[in-house]
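Just below is one structure, and these are the notes that go with it.
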Amino acid sequence: MISVSSETISRLMALARTFHAKEGVVIPQEPNSPSDDWALQALADHEDDEYYSEFESIIDDLEPDQQQEVVALMWLGRGDGTLEEWDELLKQAGEQWNTRTADYLIAHPFLAEYLREGLDLQGYEGD
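The opening position of the sequence shown corresponds to residue 1 in the UniProt record's numbering, with each subsequent residue numbered one higher.
The structure is reproduced here in structure tokens:
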């Protein structure tokens, strides 16, 4: 069970879909961990984007443990672990946490799909 509301996750998914659908958003590869700094370079051209700004604001307003939940949810959704390994995914997200969580998440072109799959595996319905 995650403490981040499904409404917040749904909003993040909608913003990610819109952001990634825009022309000119090119992210060369997916980061391996939240500490990969290439995401900052890839996203530097988009810092004035309204969708990116709202996405970043929502993530930054979450507590660090909630940010870690969103990262772990993405990892779960993309198959980096199973629901039975949820505690381990959370632990790993905590170990790799830094203040650039929004950049790390939005740098994944399939973020919305990963979050949706993660929610489905957690038993949430909707969006």
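Glycine included, every Cβ here is placed at the ideal spot set by N, Cα and C.
In this text, all values refer to a predicted model and were calculated from it rather than measured experimentally.
Between residue i and chain B, is the shortest Cβ-Cβ distance under 7 Å, so that the two count as touching?
{"i": "LYS91", "result": "The structure shown contains no chain B; it holds only a single protein chain."}
Run through DSSP, which three-state label would residue i get?
{"i": "TRP75", "result": "helix"}
{"i": "PHE110", "result": "coil"}
{"i": "ARG100", "result": "coil"}
{"i": "TYR52", "result": "helix"}
{"i": "SER10", "result": "helix"}
{"i": "GLU95", "result": "helix"}
Report the option in the options whose CA atom is closest to the CA atom of residue i.
{"i": "GLN122", "options": "LEU62, GLU69 and ASP49", "result": "GLU69"}
{"i": "LEU119", "options": "GLY77, VAL71, ALA102 and SER3", "result": "GLY77"}
{"i": "SER5", "options": "GLU56, GLN67 and HIS20", "result": "GLN67"}
{"i": "TYR124", "options": "HIS108, LEU83, PRO109 and THR99", "result": "LEU83"}
Could you tell me the distance, in whole angstroms, from the CA atom of residue i to the CA atom of residue j?
{"i": "residue 129", "j": "GLU113", "result": "Any property of residue 129 remains undetermined from this structure, which presents the chain solely from 1 to 127."}
{"i": "ALA72", "j": "LEU90", "result": "6 Å"}
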